[in-house]
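In the working numbering, the protein residues as written are 674 to 1062.
Worksheet for the structure shown next.
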Amino acid sequence: MDQTVSNPLLMPFDRHLLICFSHLRWDFVFQRPQHLMTRAAATYTVVFFEEPVFDPVDTPVLRRKPVASCLEVVTPVLPHHQPRIEIDRAMAILLESLVASIEHDQLVAWYYTPMALKFTAALQEDVCVYDCMDELSAFKNAPPELQRLEQQLFGRADVVFTGGMSLYEAKRSHHPSVHAFPSSIDTAHFHQARRLQADPSDQQTIAHPRVGFFGVIDERFDIDLMARTAAAMPAVQFVTIGPVVKIDPATLPAGPNIHWLGAKRYAELPSYMAGWDVGWMPFALNDATRYISPTKTPEFLAGGLPVVSTAIVDVVQTYGSRGLVEIADAGSMPAALTTALRKGCGEMAKVDAFLSGMSWDATWSAMQDLLKSAKVLRLPTLRRLVDHV
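Here it is as structure tokens:
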């Protein structure tokens, strides 16, 4: 009998499980993890494993919520006031029971946060992926052990992806297989903003012209720049959409032409954008923004908006250098916005030609090819282990 064929480690994988360990909650903002995991669910059984929540429960439990075919969100629910070491132990036990409950022949561990290593040491994955979408250690309130755990993750990962070119340059020397996958775009979704639509109810009473932003409002958003620019352009309305996190909402600037509309669903964004005249990205230039590659850059462009941004490195190199986005600093921001309002959307053919090479479908397809290659590279090691046994 052919011993190679009979060996279960070497037989074709018919059922594939992908567990995604994320620092971002599924229902927070629909962005890179959601785009990729939604597409992964066409090939894998996908579990989006969130960080724990703490409720008055007696014992740790898993809250499981299906969100699409072959895709569920899993949230560990732990008792209040557990010591850190007990939290990690409880998380490990919950993860072990989860993996055992899902029939699979291959397991892919997909990390967005190195912090998950604190409870995944015993996980026996076939392929390990680190999708480094941000430099998390530079964010406000970052755990002190994050950088140490990231180094461990580099040692464990078979393949590393980065969310932009700046991150690629920063991480490429840490692992032999690092690949840049900058922010991509669901073009059809944001093209909806180019068609005239009725304003959402909370935007209807806001006058024109409108300068708009959507995204997370945190330490990366330059609230001082927002205040100064709005004061310098009293006839222009500044509309901002998104949740406020890690900063005190009371510190947000207020004024007759400043409008904070709160968080909106991903499906709603084109309807708001359709009523804007310019998209802008008033990012602070600090450690937290040094390596970002904002997904909203191609999304604004796909929506038919002229775009003005501060000098974020990936935006400058990818879009500013091609004349697709206007780059401005605090002193030149009012003039840049005035010019963008006057010019309008400009050469959309040039924008569309550039965006035609970008899609989340293409990004996932390329990533999946690298996952297959990573699995093949692991097989010789598996064979040696089996032969030894």
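For every residue, glycine included, the Cβ atom is placed at its ideal position computed from N, Cα and C.
Is it right to say residue i is buried, meaning 16 or more other beta carbons lie within 10 angstroms of its own, or is it exposed?
i, result
"residue 887", "buried"
"residue 849", "exposed"
"residue 1026", "exposed"
"residue 979", "buried"
"residue 674", "Annotation note: pLDDT 32 at residue 674 (below 50); position unreliable, no value reported."
"residue 828", "exposed"
"residue 793", "buried"
"residue 856", "buried"
"residue 705", "buried"
"residue 1062", "Bear in mind that the predicted position of residue 1062 carries a pLDDT of just 33, short of 50, making it unreliable; the figure below should be weighed with that in mind. Per the 10 Å Cβ criterion, exposed."
"residue 1125", "Since the first residue shown for the chain is 674 and the last is 1062, residue 1125 is missing from the structure and cannot be characterised."
"residue 758", "exposed"
"residue 688", "exposed"
"residue 893", "buried"
"residue 1052", "Here residue 1052 scores only 48 on pLDDT, less than 50, and its place in the model should not be relied on; the value that follows carries that caveat. Looking at its Cβ environment, which holds fewer than 16 other Cβ atoms inside 10 Å, residue 1052 is exposed."
Compare the C-alpha of residue i against each of the options and name the closest.
i, options, result
"residue 973", "961, 802, 1021, 777", "1021"
"residue 925", "949, 1015, 896", "896"
"residue 814", "743, 695, 961", "961"
"residue 696", "1040, 728, 733, 746", "746"
"residue 703", "1017, 948, 1006, 915", "915"
"residue 1045", "832, 997, 866, 984", "832"
"residue 866", "825, 846, 836, 948", "948"
"residue 1043", "851, 903, 767, 1023", "851"
"residue 885", "818, 946, 1016, 777", "946"
Output the boundary residues of the beta strand (DSSP E) element that contains residue i.
i, result
"residue 834", "832-835"
"residue 998", "Where residue 998 is concerned, there is no enclosing beta strand (DSSP E), given that its DSSP letter is neither H nor E."
"residue 689", "689-694"
"residue 721", "718-722"
"residue 891", "Neither: residue 891 is in no beta strand (DSSP E) and is coded neither H nor E."
"residue 800", "800-805"
"residue 772", "Here residue 772 belongs to no beta strand (DSSP E); instead the alpha helix (DSSP H) covers 757-774."
For a test of your reading of the model: does the CB of residue i fall under 7 Å from any non-hydrogen atom of the ligand SAH? Yes or no.
i, result
"residue 1027", "The model depicted lacks the ligand SAH and carries no ligand whatsoever."
Which residues does DSSP list as the beta-bridge partners of residue i?
i, result
"residue 953", "981"
"residue 886", "913"
"residue 852", "834"
"residue 933", "913"
"residue 748", "736"
"residue 815", "None; residue 815 has no bridge partner."
"residue 863", "Paired residue(s): none; residue 863 is not in a bridge."
"residue 728", "752"
Could you check where the alpha helix (DSSP H) with residue i kicks off and where it finishes?
i, result
"residue 970", "969-975"
"residue 779", "Not the alpha helix (DSSP H): residue 779 falls in the beta strand (DSSP E), residues 779-784."
Kindly indicate if chain D contains any beta-carbon less than 8 Å away from that of residue i.
i, result
"residue 854", "You won't find chain D in this structure, because it holds only one protein chain."
- Message: When you compare the segment 881-898 with the segment 906-914, are there three or more beta-carbon pairs, one atom per stretch, that lie closer than 8 Å?
- Response: yes
- So does the segment 780-794 actually touch the segment 931-946, counting three or more Cβ pairs closer than 8 Å? no
- Task: Decide if the segment 1033-1041 is in contact with the segment 704-715; the criterion is three or more beta carbon pairs, one per stretch, under 8 Å apart.
- Result: yes
- Message: Taking contact to mean 3 or more Cβ pairs, one atom from each stretch, closer than 8 Å, check whether the segment 759-776 and the segment 801-814 are in contact.
- Response: no
- Per the contact definition of three or more C-beta pairs closer than 8 Å, is the segment 720-730 in contact with the segment 748-756? yes
- Spell out a yes or no on whether the segment 964-971 and the segment 984-1002 are touching, meaning 3 or more CB-CB pairs, one atom from each, closer than 8 Å. yes
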